[in-house]
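One structure is given below, encoded as structure tokens.
Protein chains: 2
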Amino acid sequence: MSGFEEREAAWITLNQTRTRIFSRAERALVAAGYPRLHWYDVLWELERAPDGLRPKQLEQQFLFDQSSFSRQVARMAEDGLLTRHSAAGDGRGKTLRITDKGRSLRRQMWGIYRKHIDEGIAEAQKSGAFAPITRLDD
Amino acid sequence: MSGFEEREAAWITLNQTRTRIFSRAERALVAAGYPRLHWYDVLWELERAPDGLRPKQLEQQFLFDQSSFSRQVARMAEDGLLTRHSAAGDGRGKTLRITDKGRSLRRQMWGIYRKHIDEGIAEAQKSGAFAPITRLDD
DNA sequence: CCGCTTTAGATGCATTTGCATGTTTATTTA
DNA sequence: TAAATAAACATGCAAATGCATCTAAAGCGG
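Each protein sequence line maps, in turn, to chains A and B. Numbers -13 to 124, taken from the numbering used here, label the letters of the first sequence in order. Numbers -13 to 124, taken from the numbering used here, label the letters of the second sequence in order.
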């Protein structure tokens, strides 16, 4: 019953659901003049980390490409959304901290993002998209 | 019980699971000298469509950007993975068809892709990642 | 049949990505 | 502890992306 084909069916619905929600949310954010979701994700993690985070930690968590992320962080710093101090006790690294502007932007983006999450997940439930996943669970 | 916070928790695990599987599969594919997964997706849809598909259909299904997809198709055609005939009965459009080379490549990629799907979904089950989704289901 | 609007797809151009590599600092090993 | 190796970011460059726009073919109202 829990053969490979069910795992693949689960993957397909999982992927479709995530793509649908992600695309809609991004379109809505861009249409409203906000940055994209990978910026949001960084702001959110930094907001939850009072002592800041090292770029390396975020790269690994989000599986970002190191060099792309390095430049993304630079752009976010230029926009005043975060700061880069040199890391205490490690002369190679940086410590990233969110700014008030970053916190404020994240909150505004969340209003839009959340709406699409709620709609998209509800929609997926209704269409039974998660059934294969649920079945895998028992 | 089925409040908004559970939907958001479902979204987070959904997204993490898909990112993990996707990234690992892509890395493995690139490391093995194969194209990325958005090429795979196109090959797969074309393989299941004996009469071919219009680019517009694929764009909408995958929520690809139109211009990016137009060029992706051009690259795939250059590589001999698909053909572009002018569409019967519509002078504006094209009909995309997979080639034998495309079919063969898709099958090879599937060997790698499938492994990561199975491992990733199994891993997500074990860690209880789908519990929030399951709970939303009743 | 003729403009007017819409649709399918391509393309110019600026931005972003990702691989490879560079630079600096930390860590390990001989 | 000096030399070799590894780790954390940054950067050069070629390729990919995405927005705006273009072209050509349908579709449509008169």
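Even glycine gets a Cβ: it sits at the ideal position worked out from N, Cα and C. Predicted model only: the values in this text are computed from it and were never measured.
Per DSSP, what are the beta-bridge partners of residue i in this structure?
i, result
"Ser72(B)", "Lys80(B)"
"Leu39(B)", "Leu82(B)"
Any beta carbon of chain A sitting closer than 9 Å to that of residue i?
i, result
"Arg57(B)", "no"
"Glu31(B)", "no"
"Ser113(B)", "no"
Taking the C-alpha atoms as reference points, what is the distance between residue i and residue j?
i, j, result
"Ile7(B)", "Ile107(B)", "8 Å"
"Lys42(A)", "Leu32(A)", "13 Å"
"Leu91(B)", "Glu(-6)(A)", "19 Å"
"Arg10(B)", "Gly75(B)", "42 Å"
"Arg22(A)", "Gln2(B)", "17 Å"
"Ala14(A)", "Ile98(A)", "7 Å"
"Arg78(A)", "Ser72(A)", "8 Å"
"Ala(-4)(A)", "Ser113(B)", "16 Å"
"Ala115(B)", "Ile(-2)(B)", "9 Å"
"Gly19(B)", "Asp86(A)", "44 Å"
"Ala63(A)", "Arg70(A)", "7 Å"
"Arg40(A)", "Asp104(B)", "32 Å"
"Glu(-8)(B)", "Glu45(A)", "26 Å"
"Ala110(B)", "Asp65(B)", "36 Å"
"Leu68(A)", "Arg93(A)", "15 Å"
"Leu49(B)", "Asp27(B)", "12 Å"
"Ile84(A)", "Thr5(B)", "24 Å"
"Gln52(B)", "Val59(B)", "11 Å"
"His24(B)", "Lys80(B)", "20 Å"
"Val16(B)", "Met95(B)", "10 Å"
"Trp30(A)", "Trp30(B)", "36 Å"
"Ser56(B)", "Arg34(A)", "40 Å"
"Arg100(B)", "Ser54(A)", "28 Å"
"Leu82(B)", "Gln47(B)", "15 Å"
Assign residue i to one of three DSSP states: helix, strand, or coil.
i, result
"Asp104(B)", "helix"
"Phe50(B)", "coil"
"Ala11(B)", "helix"
"Ser113(A)", "coil"
"Asp27(B)", "helix"
"Arg92(A)", "helix"
"Leu0(B)", "helix"
"Ala60(A)", "helix"
"Arg(-7)(A)", "helix"
"Arg6(A)", "helix"
"Ala17(A)", "helix"
"Leu67(B)", "coil"
Which bits of chain B does residue i rub up against, with CB to CB less than 9 Å?
i, result
"Glu(-6)(A)", "Arg100, Ile103, Asp104 and Ile107"
Which chain A residues are close to residue i, counting only those with a beta carbon under 7 Å from its beta carbon?
i, result
"Leu0(B)", "Leu0, Thr3 and Arg4"
Using a Cβ-Cβ cut-off of 9 Å, state whether residue i counts as contacting chain B.
i, result
"Trp(-3)(A)", "yes"
What residues of chain B sit near residue i, judged by a beta carbon separation below 8 Å?
i, result
"Ser9(A)", "Leu49"
Less than 8 Å separating the Cβ of residue i from some heavy atom of the ligand COA?
i, result
"Ala74(B)", "Annotation note on the ligand COA: not contained in the displayed structure, which lists no ligands."
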